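If you're matching them up, the sequences are chains Y and G in order. Heads up: the first sequence runs through residues 3 to 339, numbered per the numbering used here. Heads up: the second sequence runs through residues 58 to 446, numbered per the numbering used here.
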Amino acid sequence: MVDFALSDEQELLRDTARSMFTRECPPSLVRDACYDVTPDGPATARSFHATHLSEWSALGDGPLVDLALFLEESGVVLAPGPLWVTASWALPLLRAAGHPDADAVAEGTLSATVAVADAAGVWEPGDHDECWFVPHLDQVDRVVFLRSGPSVLVVDADGLDSAPIEALDRTRPLWRVRVPAGTAVPVESGAVRDALDRATVGLAAELVGVGRWLQESTLAYVAEREQFGKPVGSFQGLQWKLVDASLHQERAAAAVAYAAMCVDADDDDRSSAVHVAKAAAGGAARHWARTGLQAHGGIGYTWEHDLHLRLRRAYGGDHLLGDADWHRDQLAGLLLD
Amino acid sequence: MRLSWDPESEAFRAEIAAFLDEHTPEQLRDGRDWIGEEADEVPGWARDWQALLFDSGWMIPAYPPELGGRNATPLQTLVYQEELAARGVPRSVHFGGYGIVGPSLLEFGNEEQRALAPAAIRGDTVWCVGMSEPDAGSDLGSLSTRAELDGDSFVVNGQKVWTSYAEWAERCFLYVRTDPSAPKHKGISVLILDMDTPGVEVRPLRHITGNAEFAEVFLVDAVVPRSNLVGELDNGWRITMGSLAHERGGLWLEGVGYAQRALDGLVTLVRDRGLAADPVVRRRIGELHEEVRSIRALGYKGFASFAQGSSAPEHSYMKLAASELRQRLNEFGMDLQGAYATVTDPELAAQGGRFQAAWQVSLAATIGGGTSEVQRNIVANRVLGLPRG
Ligand SMILES: Cc1cc2nc3c(=O)[nH]c(=O)nc-3n(C[C@H](O)[C@H](O)[C@H](O)COP(=O)(O)OP(=O)(O)OC[C@H]3O[C@@H](n4cnc5c(N)ncnc54)[C@H](O)[C@@H]3O)c2cc1C
Numbered sequence: 003m004v005d006f007a008l009s010d011e012q013e014l015l016r017d018t019a020r021s022m023f024t025r026e027c028p029p030s031l032v033r034d035a036c037y038d039v040t041p042d043g044p045a046t047a048r049s050f051h052a053t054h055l056s057e058w059s060a061l062g063d064g065p066l067v068d069l070a071l072f073l074e075e076s077g078v079v080l081a082p083g084p085l086w087v088t089a090s091w092a093l094p095l096l097r098a099a100g101h102p103d104a105d106a107v108a109e110g111t112l113s114a115t116v117a118v119a120d121a122a123g124v125w126e127p128g129d130h131d132e133c134w135f136v137p138h139l140d141q142v143d144r145v146v147f148l149r150s151g152p153s154v155l156v157v158d159a160d161g162l163d164s165a166p167i168e169a170l171d172r173t174r175p176l177w178r179v180r181v182p183a184g185t186a187v188p189v190e191s192g193a194v195r196d197a198l199d200r201a202t203v204g205l206a207a208e209l210v211g212v213g214r215w216l217q218e219s220t221l222a223y224v225a226e227r228e229q230f231g232k233p234v235g236s237f238q239g240l241q242w243k244l245v246d247a248s249l250h251q252e253r254a255a256a257a258v259a260y261a262a263m264c265v266d267a268d269d270d271d272r273s274s275a276v277h278v279a280k281a282a283a284g285g286a287a288r289h290w291a292r293t294g295l296q297a298h299g300g301i302g303y304t305w306e307h308d309l310h311l312r313l314r315r316a317y318g319g320d321h322l323l324g325d326a327d328w329h330r331d332q333l334a335g336l337l338l339d
Numbered sequence: 058m059r060l061s062w063d064p065e066s067e068a069f070r071a072e073i074a075a076f077l078d079e080h081t082p083e084q085l086r087d088g089r090d091w092i093g094e095e096a097d098e099v100p101g102w103a104r105d106w107q108a109l110l111f112d113s114g115w116m117i118p119a120y121p122p123e124l125g126g127r128n129a130t131p132l133q134t135l136v137y138q139e140e141l142a143a144r145g146v147p148r149s150v151h152f153g154g155y156g157i158v159g160p161s162l163l164e165f166g167n168e169e170q171r172a173l174a175p176a177a178i179r180g181d182t183v184w185c186v187g188m189s190e191p192d193a194g195s196d197l198g199s200l201s202t203r204a205e206l207d208g209d210s211f212v213v214n215g216q217k218v219w220t221s222y223a224e225w226a227e228r229c230f231l232y233v234r235t236d237p238s239a240p241k242h243k244g245i246s247v248l249i250l251d252m253d254t255p256g257v258e259v260r261p262l263r264h265i266t267g268n269a270e271f272a273e274v275f276l277v278d279a280v281v282p283r284s285n286l287v288g289e290l291d292n293g294w295r296i297t298m299g300s301l302a303h304e305r306g307g308l309w310l311e312g313v314g315y316a317q318r319a320l321d322g323l324v325t326l327v328r329d330r331g332l333a334a335d336p337v338v339r340r341r342i343g344e345l346h347e348e349v350r351s352i353r354a355l356g357y358k359g360f361a362s363f364a365q366g367s368s369a370p371e372h373s374y375m376k377l378a379a380s381e382l383r384q385r386l387n388e389f390g391m392d393l394q395g396a397y398a399t400v401t402d403p404e405l406a407a408q409g410g411r412f413q414a415a416w417q418v419s420l421a422a423t424i425g426g427g428t429s430e431v432q433r434n435i436v437a438n439r440v441l442g443l444p445r446g
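Next comes the structure, spelled out in structure tokens:
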């Protein structure tokens, strides 16, 4: 008994986001911000965020359903900058800590990231000296360190002892950062879990957007590209692969919207729904990345083609906050333990 | 977007739930899926059950009372389907009459033929549906059973196969070729055939489960009155399956309910066999749960489009997804039993041999009603808009 119909406001939000991203975020901008090896990259990402995205940070205070609609659209174009981590993760943690910067983050005048994982890549609050896999560190104003307790330590992003981690997906730069001295403020563990659920579903929504781009681009390409005198999309061996990837994509999109509803309602099914959403979305984006690349043939394997940008994000996004198999194991835990 | 329906719909749920709790026959109650039994005719309890549903307005809720319903809204119909699916309770042990024939007669029949619909839906008349032939399966349009008009009658010659319930049936909804010179989808008509017409011979075929549920139907100079033609001559192709339009938004629920119950059974089985700590088993359980739940979400997403009157592309995936998932769930249920995986003795196999039995039945799910391959072709062409091969 789930009603998936969007309200008029939700449709408007989605359409506004879609046209803004189409207008303002062409592939060349993503490449300038993330893949040109110039010192301007982070500046381009920052300025894109400041100009077009920061005003949307307040979505982080509202229903997750709305934020997820927005993040799906930003995933389609691979919008640069720290909106996902700022709105879906840092903001709820700052709110939970009653931190004075929370309002400025919601208003879009400050951006923030979250540092929690240890070197082993476990996203759980602890007392390690160094945090790993911290997204967008070079593009934000504040870092929220999530520590044992749980508690949070909020510091200025400038002047931290940090280093970039070279990784596949450069649209989401990852950093390691030494935890600075300071007093952490206690937060409720329920609030930490809530923030993590929002971040997980937000990331899954972005991955749905990534899968959507791959699906749309691939379907357009195979209808146009001809070999043996016919469009390659008419070959059944290829068609069935595209059908299977599309089914995966459809179930991911539905699972993400459902999880967002469960989080908003704090439904009993919430934990299960969040794990299902991330497992399905990570799996589907990877499925489409592989299938889309194969269906494009050689052209898709070139640096010039935008497909690899999504391939990188699909794998990068799946492995952030637990990959599909990790979430499946969590589901097994819910059912069996 | 929200997680519950309005209070009126929930009140409707309480009504059907109470009805099912009180009246569901013992044979359908054990939480398993009725997989057929050897019988020469529809079992009495199954006839009574279908008639009771009809008389109580619970057979096809969207229909008016005289057709076994209560003028339910699309949302109420969905709620009804949810409750049946959650319990795995079938309305009838022969789907064709209420699912295909009744609705088709109402939509395409003349007044006299429409009058046959209530008995078809109530199960008073048992119908079979004669589409498939030895040389026309997936390519149904190439069917060759010939009906020649001779004065006021058709003379029918040919053969049908895989005809479910043919042994039980009093009538057949028969697809025949009336114009062999027309392009293949153009010269098809639908006739109402009395199964006791001279020249009609039914030879039961056993399923791989061992039960005889379908049959071959041979037709040699069988005479059918012209008045038994449904709809227009040579225009039968449009009278195709799935005419139960009111229920299309929630047909997927049965498959998803089935999958959920199978998964629940798997979780119990894993615990009972002491495998709950096995990492490989855990991974599989997590994966299957992800599939069941995401497919369920997809079905509801499609319902939102259906309820708004738009086409629901989501639903084109549901039969494909649910039928293949169902096979994997049951197969895993067998694998978990080690050497007992292929033991069918209900005394020896886990959960009364449920997985072994259900697996055999589930093998038909990717064949009947359009094979998985044909489903993939349909999605490729109609949903994804890929060029035809
Ligand atoms: C339990 C059960 C009950 C049934 N009940 C009825 C009934 O009551 N009435 C009735 O009329 N029929 C009934 N059927 C028949 C059913 O509709 C057919 O079996 C089905 O449509 C497939 O046709 P076929 O068996 O001739 O297989 P075929 O069409 O010969 O298919 C053989 C293989 O080729 C594949 N194939 C065919 N065409 C294509 C294509 N274009 N692209 C790729 N692959 C293709 C198929 O997917 C399949 O794998 C029943 C079947 C079963 C299993």
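All C-beta atoms in this analysis are idealised placements derived from N, C-alpha and C, irrespective of residue type, glycine included. Computed from a prediction, not measured in an experiment: that's the story for all the values here.
Any Cβ of chain Y within less than 7 Å of the Cβ of residue i?
i, result
"residue 62 of chain G", "yes"
"residue 375 of chain G", "no"
"residue 378 of chain G", "yes"
"residue 372 of chain G", "no"
"residue 347 of chain G", "yes"
"residue 355 of chain G", "yes"
"residue 344 of chain G", "yes"
"residue 351 of chain G", "yes"
"residue 443 of chain G", "yes"
"residue 431 of chain G", "no"
Does residue i come out as helix, strand or coil in the three-state DSSP assignment?
i, result
"residue 120 of chain G", "coil"
"residue 296 of chain G", "coil"
"residue 100 of chain G", "coil"
"residue 433 of chain G", "helix"
"residue 282 of chain G", "strand"
"residue 64 of chain Y", "coil"
"residue 165 of chain Y", "strand"
"residue 37 of chain Y", "coil"
"residue 216 of chain G", "strand"
"residue 301 of chain Y", "helix"
"residue 312 of chain Y", "helix"
"residue 57 of chain Y", "helix"
"residue 112 of chain Y", "coil"
"residue 117 of chain Y", "strand"
"residue 207 of chain G", "strand"
"residue 91 of chain G", "The predicted position of residue 91 of chain G is uncertain, since its pLDDT is 49 and thus under 50; no value can be drawn from it."
"residue 128 of chain Y", "strand"
"residue 404 of chain G", "coil"
"residue 193 of chain G", "strand"
"residue 150 of chain G", "coil"
Name the two residues that bound the continuous alpha helix (DSSP H) containing residue i.
i, result
"residue 341 of chain G", "336 to 364"
"residue 160 of chain G", "159 to 165"
"residue 153 of chain Y", "That residue, residue 153 of chain Y, is in no alpha helix (DSSP H); its beta strand (DSSP E) goes 153 to 158."
"residue 67 of chain G", "64 to 80"
Taking 7 Å as the CB-CB cut-off, is residue i touching chain G?
i, result
"residue 309 of chain Y", "no"
"residue 337 of chain Y", "yes"
"residue 5 of chain Y", "yes"
"residue 269 of chain Y", "yes"
"residue 216 of chain Y", "no"
"residue 52 of chain Y", "no"
"residue 333 of chain Y", "yes"
Tell me where the beta strand (DSSP E) around residue i begins and ends.
i, result
"residue 201 of chain G", "Where residue 201 of chain G is concerned, there is no enclosing beta strand (DSSP E), given that its DSSP letter is neither H nor E."
"residue 232 of chain G", "228 to 234"
"residue 187 of chain G", "184 to 187"
"residue 148 of chain Y", "144 to 149"
**Request:** Could you pull out every unbroken alpha helix (DSSP H) segment of at least 4 residues lying fully inside the region 168 to 239 of chain Y, listed in chain order?
**Result:** Counting only unbroken stretches of 4 or more residues, the alpha helix (DSSP H) elements lying wholly within the region 168 to 239 of chain Y are 191 to 226, in sequence order.
**Asked** At what residue ranges does the region 71 to 100 of chain Y contain a whole run of the alpha helix (DSSP H), taking only runs of 4 or more?
**Response** Counting only runs of 4 or more, we get 93 to 98.
**Item:** Sequence ranges, beta strand (DSSP E) only - wholly within the region 235 to 290 of chain G, length at least 3
**Value:** Counting only runs of 3 or more, we get 245 to 251, 257 to 263, 269 to 282.
**Item:** Inside the region 308 to 332 of chain G only - alpha helix (DSSP H) runs reaching at least 4 residues
**Value:** Given a length threshold of 4 residues, each whole run of the alpha helix (DSSP H) inside the region 308 to 332 of chain G is given here in chain order: 309 to 329.
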